[in-house]
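Just below is one structure, and these are the notes that go with it.
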Amino acid sequence: MRICIVGTGYVGLVTAACFAEMGSQVFCVDIDEEVVRELNQGGVHIYEPGLEDLVRKNLEAGRLGFTTDLQAGQEGALFIFICVGTPSSENGECDMSSVYQVAGEIGRSICEEKIVVNKSTVPVGTVDKVRSIIRQELGQRDLDLDFDVVSNPEFLKEGDAVNDFLKPDRVIVGTDSQHSAELLESLYAPFARSRDKLLVMSPRSAEISKYSANCMLATKISFINEIANICEKVEADVEDVRRGIGSDPRIGYRFIYPGAGYGGSCFPKDVRALIRTSEDSGYSPGLLTSVDSVNEHQKRLLAEKIEAYFLDKGGVKDKLLAVWGLAFKANTDDIREASALVIMDYLTRRGMRIRAYDPRAGERVRQIFADNDLVSVVDSEYDALDGADALAVVTEWHQFRNPDFPLIKEKMRNPAVFDGRNLYSPTYVRKMGFIYSGIGR
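Residue numbers (the working numbering): 23 to 463.
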């Protein structure tokens, strides 16, 4: 099958590469000429394990191409996937301008039957809006073409997105058309050889399923962080509590790891968007509002712990903090809504110096803090430690899990460790001569 993918971000590029891997002819469209040029040369502008090899392999095989021209990209394609960003505005609404712009361009360019597949994370009712825009543009051209718009939300984890697409738990298709459902079933058949994974439902149910999934996971994270904060007050250990409740199969262990809060391009945006959708519909979503509120507090918690520690030591001003981990999670270079950025902003506003390291996200953070003389980003985790008054571990990269503690102590001026992901045993680290502070320990 011939497919057109509009957008080459995490979702669009992973979708394109994986469809091409299964034999489809895929053209990706993006408005960024530099990104398109890099992709056509086999380079990838984002980090996602396994993605660059997959892109290069299918580019060389002739199954994958990139262009800035939607007219050329969609020519002969039955499916057009919309995979553009929908960032959150200050009031929690999704910025739908890119989705609507693409819908308009589709209406101005198609000349044959198309199935327009919305894979961007969007508010309920977007399928209807996109259909209306395309129909309006076709009317301006005096064309009456058969087309459909369906919802096909993505459920990809950054850091494991390629595997998630190739081996999905489920594929949700939101459409009222049996014809469109059958075509999507054929398209996704190579990814569901062992069992039927296609779930067909109404477009609005599909749209809210995406939000509901991310809000459920965010709720589990905020819940365990709330429990962790209670544990600190009553002198309990949240790691023991986590094992105690996680052993219940109704709860399970996944997504109940306490830490410095969730970030990324999905959870924060989707929680706020569903809050806004609820409020616009006349319902006050108390639970979701609390999930968001708890998380915003949790992202500041490590910084507040550091500030409190230095309160009787002259304050944080002019002290040096080493930061390990800048991406919002391991195995990605994505720093959107990352806890590390909140911590760094909070502390530098109070005069603290930051020397940070991340295996993948360092350059992105350099650009963000380019005008902040208090922040430097180095190329090794141990380089960040020289003369540091404290170490904050913010992202759970594997290389941080079993570090050289004697070397850490040797390099630091003051051996204080603030473990924002509970990677270390408090007993062991303290035995090594460190002052240790975790989350709920």
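All residues carry an ideal CB built from backbone N, CA and C; glycine is no exception.
### Query
Within this structure, are the beta carbons of Y404 and K431 separated by less than 8 Å?
Numbered from 1 along the sequence shown, position 382 holds the residue referred to as residue 404. Numbered from 1 along the sequence shown, position 409 holds the residue referred to as residue 431. Going by C-beta atoms, Y404 is not nearer than 8 Å to K431.
#### Entry: Distance between C133 and R192 (C-alpha atoms, nearest Å)
Counting from one through the sequence shown, the residue named residue 192 turns up at place 170. Counting from one through the sequence shown, the residue named residue 133 turns up at place 111. Their Cα atoms are separated by approximately 32 Å.
### Query
For R264 versus I278, is the C-beta spacing smaller than 8 Å?
For the purposes of this step, residue 264 is taken as residue 242 along the sequence shown, with counting starting at 1. For the purposes of this step, residue 278 is taken as residue 256 along the sequence shown, with counting starting at 1. Taking 8 Å as the Cβ cut-off, R264 and I278 qualify as a contacting pair.
### Query
What residue does the alpha helix (DSSP H) around C237 start on, and which one ends it?
Position 215 of the sequence shown holds residue 237. Taken as a continuous stretch (DSSP letters only), the alpha helix (DSSP H) holding C237 covers 225-256.
### Message
Determine whether the beta carbon atoms of M23 and L188 lie at a separation below 8 Å.
### Response
Numbered from its first residue, the sequence shown carries residue 23 at position 1. Numbered from its first residue, the sequence shown carries residue 188 at position 166. The answer is no: Cβ separation not under 8 Å.
### Message
Here's a check: name, in chain order, each residue in its chain whose Cβ is nearer than 7 Å to the Cβ of I53, leaving out the five neighbours to either side.
### Response
Residue numbering aside, residue 53 sits at position 31 when the sequence shown is read from its first letter. Once the five neighbours on either side are set aside, the close Cβ partners of I53 are T90.
### Query
When we look at the beta-carbon of S224 and count the other beta-carbons within 10 Å, is it buried (16 or more) or exposed?
Walking along the sequence shown from the start, residue 224 turns up at place 202. S224 is classed as exposed because its beta carbon has fewer than 16 other beta carbons within 10 Å across all chains shown.
### Query
Which residues in the same chain as P72 place their Cβ atom closer than 7 Å to its Cβ, once the five residues preceding and following it in sequence are excluded?
In the sequence shown, residue 72 corresponds to position 50, counting from 1. Residue 72 is actually Gly in this sequence, not Pro. For G72, where only same-chain residues beyond five positions count, the Cβ hits under 7 Å are V184.
### Query
Can you list the alpha helix (DSSP H) stretches of 4 or more residues lying completely in the segment 272-318, in chain order?
289-302
### Message
Relative to the C-alpha of S300, which candidate in R59, T354, I230 has its C-alpha closest?
### Response
Start at 1 with the first residue of the sequence shown, and residue 300 comes out as number 278. Of the listed residues, the one whose Cα sits closest to S300 is I230.
### Query
If you pair each beta-carbon of the segment 313-327 with each one of the segment 357-377, do three or more pairs fall below 8 Å?
yes
### Query
Whose C-alpha, out of V58, F49, V416, is nearest the C-alpha of Q93?
For this step, residue 93 is matched to residue 71 along the sequence shown. When only C-alpha atoms are compared, the closest one is F49.
### Query
Taking Cβ to Cβ, would you say I328 is nearer than 8 Å to P280?
What you label residue 328 is simply residue 306 of the sequence shown in a count that begins at 1. What you label residue 280 is simply residue 258 of the sequence shown in a count that begins at 1. It is not a contact, given that the beta carbons lie outside the stated cut-off.
### Message
Can you check which of these residues, P428, S142, I249, R85, is closest to M118 by C-alpha distance?
### Response
Against the sequence shown, residue 118 aligns to sequence position 96. Cα-wise, what sits closest to M118 is S142.
### Task
Note down, one range per segment and in chain order, each alpha helix (DSSP H) of at least 4 residues found wholly within the segment 123-178.
148-162
### Task
Report the residue from N113, P109, I104 whose alpha carbon sits nearest the alpha carbon of A125.
Position 103 of the sequence shown holds residue 125. The option with the nearest alpha carbon to A125 is I104.
#### Entry: Closest by C-alpha distance to P145, when choosing among Q162, V139, E115
Position 123 of the sequence shown holds residue 145. P145 has its Cα closest to that of E115, out of Q162, V139, E115.
### Query
How long is the line joining the alpha carbons of G285 and G161, rounded to whole angstroms?
For this step, residue 285 is matched to residue 263 along the sequence shown. For this step, residue 161 is matched to residue 139 along the sequence shown. Spanning the two alpha carbons is a distance of roughly 42 Å.
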